[in-house]
Every structure is written in C-alpha cells, then in structure tokens.
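Going down the list, the protein sequences come from chains A and B.
What the first sequence shows, in our numbering, is residues 1 to 332, in sequence order.
What the second sequence shows, in our numbering, is residues 1001 to 1332, in sequence order.
Just so it is clear, CB atoms sit at the ideal spot from N, CA and C, and this is done for glycine as well.
These numbers were taken from a predicted model, which means no experiment stands behind them.
I have placed the structure first, in the form of structure tokens, so that the comments after it can refer back to it.
Protein chains: 2
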Amino acid sequence: MLRSAIRQFLTQTRFLVTDTAQTVHQKNSNILYGKPIARRILNECHNECAEFVNKYQCRPRLVTVLVGGNESSKLYVRNKQRIAEHVGIDFQVINQLMHTTPSQLIDTIQSLNQDHSVDGIILQLPLPLHLIDKTQQFIDIIREDKDVDAHTSPNGYLYRQSPPPLVTIPVVAAVREMLLEIGEPLQGKDVVVIGRSKYVGTPLALMLSQSSTTAKDSLVSGATVTICHRHTHLNNLTWYCKNADVIVSAVGRPKLITQRMVKKDAIVIDVGISKSWTDKAVAQNKQFVGDVDFHDVQRVARWITPVPGGIGPVTIACLISNLLRLARHRRQ
Amino acid sequence: MLRSAIRQFLTQTRFLVTDTAQTVHQKNSNILYGKPIARRILNECHNECAEFVNKYQCRPRLVTVLVGGNESSKLYVRNKQRIAEHVGIDFQVINQLMHTTPSQLIDTIQSLNQDHSVDGIILQLPLPLHLIDKTQQFIDIIREDKDVDAHTSPNGYLYRQSPPPLVTIPVVAAVREMLLEIGEPLQGKDVVVIGRSKYVGTPLALMLSQSSTTAKDSLVSGATVTICHRHTHLNNLTWYCKNADVIVSAVGRPKLITQRMVKKDAIVIDVGISKSWTDKAVAQNKQFVGDVDFHDVQRVARWITPVPGGIGPVTIACLISNLLRLARHRRQ
Chain A
1 MLRSAIRQFL
11 TQTRFLVTDT
21 AQTVHQKNSN
31 ILYGKPIARR
41 ILNECHNECA
51 EFVNKYQCRP
61 RLVTVLVGGN
71 ESSKLYVRNK
81 QRIAEHVGID
91 FQVINQLMHT
101 TPSQLIDTIQ
111 SLNQDHSVDG
121 IILQLPLPLH
131 LIDKTQQFID
141 IIREDKDVDA
151 HTSPNGYLYR
161 QSPPPLVTIP
171 VVAAVREMLL
181 EIGEPLQGKD
191 VVVIGRSKYV
201 GTPLALMLSQ
211 SSTTAKDSLV
221 SGATVTICHR
231 HTHLNNLTWY
241 CKNADVIVSA
251 VGRPKLITQR
261 MVKKDAIVID
271 VGISKSWTDK
281 AVAQNKQFVG
291 DVDFHDVQRV
301 ARWITPVPGG
311 IGPVTIACLI
321 SNLLRLARHR
331 RQ
Chain B
1001 MLRSAIRQFL
1011 TQTRFLVTDT
1021 AQTVHQKNSN
1031 ILYGKPIARR
1041 ILNECHNECA
1051 EFVNKYQCRP
1061 RLVTVLVGGN
1071 ESSKLYVRNK
1081 QRIAEHVGID
1091 FQVINQLMHT
1101 TPSQLIDTIQ
1111 SLNQDHSVDG
1121 IILQLPLPLH
1131 LIDKTQQFID
1141 IIREDKDVDA
1151 HTSPNGYLYR
1161 QSPPPLVTIP
1171 VVAAVREMLL
1181 EIGEPLQGKD
1191 VVVIGRSKYV
1201 GTPLALMLSQ
1211 SSTTAKDSLV
1221 SGATVTICHR
1231 HTHLNNLTWY
1241 CKNADVIVSA
1251 VGRPKLITQR
1261 MVKKDAIVID
1271 VGISKSWTDK
1281 AVAQNKQFVG
1291 DVDFHDVQRV
1301 ARWITPVPGG
1311 IGPVTIACLI
1321 SNLLRLARHR
1331 RQ
C-alpha cells in the first residue's frame, strides 16, 4: 500500500518528477535541480519507512506545532505534510492560537516529549512576536532525540560533539547533498557563505570549514570559508565573491548576487528565499525568488541551483530522513 | 592575608608587573602586552575571591587532572597553580600515571564532579596517545558548572545557546579582552582567523563574526571573518591576510605571518605558541615563539601582541575568572 502511495506521490506532486531519464542536471545545462536529489532521498526514506512499519507495526509519527496563522508558515507546513504522508509518515499539525502563552506552548511541547508514539517534533518558526525572543528556549524543551530540525542546542554542537549528533539541520544537510552531487573536492577551495544565522549561515560555514576525515567529507568540508553578512560592505562582498570557487547565499535578499560578483566557473548555491511582489512576478506566478540573479549568474557559473526547485525540495527530504533516523534510533 | 599575598604575588611573579606607571601599551609602542590586562583581571579576581572566602568560609577550589608526564603540560599546570594560589584559590593537581585506563580517568572525573568542595575541574590536554581519541568524551563527563575551560559540549554552544553559557573558553575570552583594550569597533571590518581547532580557532571565528547587540560587543564581533587553516594555500593566506584589518593566528607555526602578509596599520593578535630549538633561541632563552615574525611585523602593524607575554597571561587570568564565576554560581 505504501509503495503504491509513494508511486502515486511521485507521479502527482509538483516536487518530484517521474521521468526516470531526467538526471540531476539536465544535459548541456549548468542548473542543479533539487527535485531529483530529493526523489532519491525520499525513495530511500520510503523503503526505510516500509521496514519501520513492518518492524514496529506503526508508522513513524511527526508532529508540527504551528502557533498563529502566518500564511508562509502554513504553506511550508502543508508542503511538509504532503510529502511526509506520501512517504508513509503519520503527520499531525497542532494549531495553537496566535495569543498562546509561553506556558501553554511549553505544556504542548512537553506532552509531545512524553508521548511515546511521537517520533519527531517540529516547532514551526517564526513564532509570533510576543514569543519570538524566547524561541531558542522553547526549542530547547524539545527532546534531543525527537528534534528533527536539529535546532536544539545539543544538536547544534556540530563542530564539537563526539560522536556527532544523529541529525543535521535539514537545510545544511541539503547543501551537503548538493555538493556531494557535484562531487568536486572543496578542500583548499575558497568558499563564501553569505548569512550568519544560527540555523543556516553559521552551521553551514562550520560544516564547510571543518577538517575532513573521509574522501566523501572532503567534498563538503576543508574549504577556506569567509562568513559575510549584513555588516559586510557591498564592495567587500563583491571582492570576496569574485574570488570564491563556491558561493552559498542564505540571506533572503532578491538579486543580491549578480553576474559581476561571480567568478567564471564558480558553483553558486542559493539557499535564500523571498517573496517578490512586482507586477511581473505576480503576473508570471514567479513570486518566490532566491538571493541570486539567476538568469545572469547562470551565464558564468559552472553549477547553479534554482529557486524554487533547488535547495527547497532537498531540505524537506532531509527533514524526513532525519525523522526516520531518530525514530529508528529511539525505538531500538 | 589574601591581600598581602596578592601584593607579594604582583611583585614577585614574572607574569605580572608592579610598575603602576606601565600602561597596557607602552608609550610610542605598538606592542600590546598581556601582563597589565591580566593584572587588572586578577586584581578583580582577588577581590572576588576575598568576598567568596568571607561569605562561604572556604577558598574556591580548582583541581587539575594531569595524565602522564608531558613536560609542557607540567609547565602550564605549574604556571596556573602559581597564579591561582596567589589570587587565593585552593589549587590541587591530581597526577595520574601515563598508562591510566579510560575507566580510571572517568572515575577520577566523576568523583570530582560529586565532591561538593570542588568548584572547577581542568582536564589538562593533550592526553596520552592511548586516550587522545576519546578526549571530548572524557571532557564531556565534567559537570558543566565545574567546567572552567569551557571545553564541554554544553559550554560550546556559543553561537546558539540562550542565555549564553556562564563561561567562555579562556583563550577566546583573552582575545576578547585584548580587542576591548584596543577599543576599535570590529563591525564590518575584515578579520582573518588562522586555525580552525575546536577549542581555539573555530570558537574565535564564531565570536568575531556574530551579530553584536551592545556597543561593547561591537568591539569584538560583527566582522567579516575568513577561517584559514592547513588546507589554505600560502598564496591565498597571503591574499586574505593582506586585506585584513585584524589577523588572529592560532596554529603554532613559527614565523607563519611575515611582514609582507600584513596590511599597514592592521591589528595582529598572536595566539600561537611553539618551542624553537634553534641554537640562537636556546642561547638567548627565547624558546617560546608565536606564529608571527614579531620584529618584522611590528614595523607595519598598528597593534601587535608579543609571545610570550601577550595572550598567555590573559588566558590564565580568564581561567581564574571563570572559576570564580562558576564557584559563585554553583553555591548561590
């Protein structure tokens, strides 16, 4: 039943494509699409999920706590739900009212922590304004072994913990998958990470700069990494980018990275996403845009990821993969 | 009694100078000495220690576990002991034999964890070869609230935890003190950190790149940071350094940073330390050297820290400061 469900999913959803002839990068194209990579990960997840159901006679269960009615958050949650359910995961959304108090939110998370049937908990961000300052404190209530987003502090050691945490922040794992797909060693290369947020930019910079112990690791780490951010002057940003072999942008500013900032044959990974409200964007239904001026930069880059259809689908696939890893580990 | 002890200490030890006219940087000199900064911190520690003794009728107690007979480690421990005791701290060294087993070491740490009279535990690194692979696992046994070195994983969140950990890795805190002393905002400046070790280079890069919420923070964070390391080609290292407003080197390679790599009026902070065995060094008793070709770089830098006498004494002072903070916090 699950197998037919995933097949149906693969044919129906707009995230995954069915044409088996389509490779990750289309012939004669330098565009690195996320969908085929996501499909590969989700296929593995589907198999693991079926094994899980066989073994434990229940489906892995993922619960998302959504506070308030932010439209973008709702959209993200619906996307995750659609994909999770097609893989065979029991996905539940707990809607909490906009004016939820801190203690109510804490109670909700704690009851999910204690519920043995729950394998993963997502606290959908951003929280409403009256809770936003305590975001990390709410996140840190989530049990480390149910933390599919890898947002809790213990899962954030990254550069220190030994052995490393079971799960990686999905978007960081997605960048890793993209770089593995490209398959060029990063060791000694110059990488610019734009953005220093604690769940995206900073952990990305850490991953990319750390020492690599295996050949596979050397495809995603060992680089000389520069962390740029809002206080980096545009001239300096250009100077760093123009020298970079790889640019990873994660700030959410449309057309921040233009063609003149990119070295020929560089790899450009666009993690940013923002909504454009120009008449043209609305008319063409192309409202979601990345940080990179895609069409111009595409002319000089060796590899470039699109937005949408790049990092996004891979990120959701990595989230599902985290859930299965945690669920298996907790029930062992 | 304590006050006279510290006065005696200030006059006797080679770490601290007594000449009150000597400022942090001597007139007409661009050398940023660590001793006066360390003296200021230790004076504060001395006062806090006296208050502590008054309040709790016992001295704060710091225990160092030293495994094997590494000569450099013994020297470091003796230095810490001399300074700690002069501040009024009860300093104890537990010597464990070179062939200590993992379980013996774990037992030692656990008994110190349980001993209420122990306020701080140092596991002196490096461990002998047969234990070195499990270093982080041994460190993580240390109770977070006795971890004066801030080496345990929970104290390593740094960029994520909210509220931040009570203590900062002493050498990172020492670089912070040096930059505060210089007093120039780093926000938007270009900084190169050389070295990506998990207790020095990486946390330094994190501190320097993070967003700053206060005016004081902006003196030590908000910079565009490049992390260079052993896989950064020398040409690239030169390129990054030559552009940097601040260079922090923490690798332990003598004369890695030469005059031609440093921009005029840059700030150069030398965290590296290695032992030189050249005849000249031995004859002149100048065996300990930093990463920076001091005499040449001094000609172009606006501020430069010497080795020895730079970061070293401030690091020990910050360690003592950590102990007092943890001791007060635990007993409150």
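Problem set entry | First through last residue of the alpha helix (DSSP H) which encompasses residue 1092 of chain B | It is not in any alpha helix (DSSP H) - residue 1092 of chain B instead sits in the beta strand (DSSP E) that spans 1090-1096.
Exercise. Based on Cα-Cα distance, which residue from B:1278, B:1326, B:1205 and B:1096 lies nearest to residue 1176 of chain B?
Worked result: Among B:1278, B:1326, B:1205 and B:1096, the Cα nearest to that of residue 1176 of chain B belongs to B:1205.
For this session: Please confirm if residue 54 of chain A has its CB atom under 8 angstroms from at least one CB of chain B.
Result: So no, residue 54 of chain A is outside the interface.
For this session: Apply the 10 Å Cβ neighbour rule to residue 319 of chain A and answer buried if 16 or more other Cβ atoms are within range, or exposed otherwise.
Result: With a threshold of 16 other beta carbon atoms within 10 Å, residue 319 of chain A meets it and is buried.
For this session: Write down every uninterrupted run of the alpha helix (DSSP H) in the stretch 1242-1296 of chain B whose length is 4 residues or greater and which is fully enclosed by it, in chain order.
Result: Fully enclosed alpha helix (DSSP H) runs of 4 or longer: 1279-1283.
Problem set entry | For residue 1196 of chain B and residue 209 of chain A, the rounded distance between their alpha carbons | A direct Cα-Cα distance of roughly 8 angstroms separates residue 209 of chain A from residue 1196 of chain B.
Problem set entry | For residue 1190 of chain B, the three-state DSSP class (helix, strand or coil) | Strand.
Exercise. Using a Cβ cut-off of 8 angstroms, which residues of the stretch 175-208 of chain A contact any Cβ in chain B, in chain order?
Worked result: Listed by position along the chain: 187, 188, 190, 196, 198, 202, 205 and 206.
Exercise. Going along chain A in order, which residues have a C-beta closer than 8 angstroms to the C-beta of residue 1232 of chain B?
Worked result: Result: 188 and 224.
Exercise. Do residue 1267 of chain B and residue 1307 of chain B have their C-beta atoms closer together than 8 angstroms?
Worked result: In this structure, residue 1307 of chain B does not lie closer than 8 angstroms to residue 1267 of chain B by Cβ.
Problem set entry | 7 angstroms Cβ shell around residue 1174 of chain B - same chain, five flanking residues per side excluded | For residue 1174 of chain B, where only same-chain residues beyond five positions count, the Cβ hits under 7 angstroms are 1311, 1314, 1315 and 1318.
Exercise. Do we get a CB-CB distance below 8 angstroms when we pair residue 1241 of chain B with the residues of chain A?
Worked result: Chain A contact via Cβ: absent.
Exercise. Which residues in chain C sit within 7 angstroms of residue 322 of chain A, going by Cβ to Cβ distance?
Worked result: Within the model displayed, chain C is absent; protein chains A and B are what it includes.
Problem set entry | For residue 324 of chain A, the three-state DSSP class (helix, strand or coil) | Helix at residue 324 of chain A.
Problem set entry | residue 153 of chain A versus residue 87 of chain A: straight-line alpha-carbon distance, rounded | Roughly 28 angstroms between the two C-alpha positions.
Exercise. Do residue 248 of chain A and residue 271 of chain A have their C-beta atoms closer together than 8 angstroms?
Worked result: Yes, they are a contact pair.
Exercise. Does the Cβ-Cβ distance between residue 186 of chain A and residue 148 of chain A come in under 8 angstroms?
Worked result: Against a cut-off of 8 angstroms, the Cβ pair of residue 148 of chain A and residue 186 of chain A comes out as no contact.
For this session: Classify residue 1121 of chain B as helix, strand or coil using the three-state DSSP reduction.
Result: In the structure shown, residue 1121 of chain B sits in a strand (DSSP, three-state: E or B).
Problem set entry | residue 1168 of chain B versus residue 1150 of chain B: straight-line alpha-carbon distance, rounded | When rounded, the distance between both Cα atoms is 6 angstroms.
Problem set entry | Bounding residues of the beta strand (DSSP E) (the contiguous stretch that carries residue 227 of chain A) | Residue range 224-228 is occupied by the beta strand (DSSP E) that includes residue 227 of chain A.
Exercise. Are residue 309 of chain A and residue 35 of chain A close, meaning C-beta to C-beta below 8 angstroms?
Worked result: In contact: residue 309 of chain A and residue 35 of chain A (Cβ atoms closer than 8 angstroms).
Exercise. Can you check whether the CB of residue 201 of chain A is closer than 8 angstroms to the CB of residue 250 of chain A?
Worked result: In terms of Cβ geometry, residue 250 of chain A and residue 201 of chain A form a close pair [threshold 8 angstroms].
For this session: Identify every residue that forms a DSSP beta bridge with residue 64 of chain A.
Result: BP columns for residue 64 of chain A point to A:93 and A:122.
For this session: Starting from residue 49 of chain A, trace the alpha helix (DSSP H) both ways and give me its first and last residue.
Result: Where residue 49 of chain A is concerned, the enclosing alpha helix (DSSP H) starts and stops at 35-56.
Exercise. In whole angstroms, what is the alpha-carbon distance linking residue 1226 of chain B and residue 116 of chain A?
Worked result: Using only the alpha carbons, I get a separation of about 44 angstroms.
Exercise. Can the beta-carbon of residue 1323 of chain B be found closer than 8 angstroms to that of residue 1062 of chain B?
Worked result: Taking 8 angstroms as the Cβ cut-off, residue 1323 of chain B and residue 1062 of chain B qualify as a contacting pair.
Exercise. Under the rule that 16 or more other beta-carbon atoms within 10 Å means buried, what is residue 1359 of chain B, buried or exposed?
Worked result: An answer regarding residue 1359 of chain B cannot be provided, because it is not within the stretch 1001 to 1332 covered by chain B.
Problem set entry | DSSP state of residue 166 of chain A mapped onto helix, strand, coil | For residue 166 of chain A, the three-state secondary structure derived from DSSP is coil.
For this session: Can you grab the Cα-Cα spacing for the pair residue 11 of chain A / residue 76 of chain A, in whole Å?
Result: Confidence at residue 11 of chain A is low in this model, with a pLDDT of 44, below 50, so its placement is unreliable and the value that follows should be read with caution. Near 21 angstroms, if we compare the C-alpha coordinates of residue 76 of chain A and residue 11 of chain A.
Problem set entry | Simplified DSSP state of residue 1032 of chain B, which is helix, strand or coil | Here residue 1032 of chain B sits in strand by DSSP.
For this session: Check each residue of the stretch 1257-1286 of chain B: if its Cβ is closer than 9 angstroms to any Cβ of chain A, include it; give the result in chain order.
Result: Hits within the stretch: zero.
Problem set entry | Buried versus exposed call for residue 164 of chain A [16 or more other C-beta atoms within 10 Å across all chains shown] | By the C-beta density criterion, residue 164 of chain A is exposed, having fewer than 16 other C-beta atoms within 10 angstroms.
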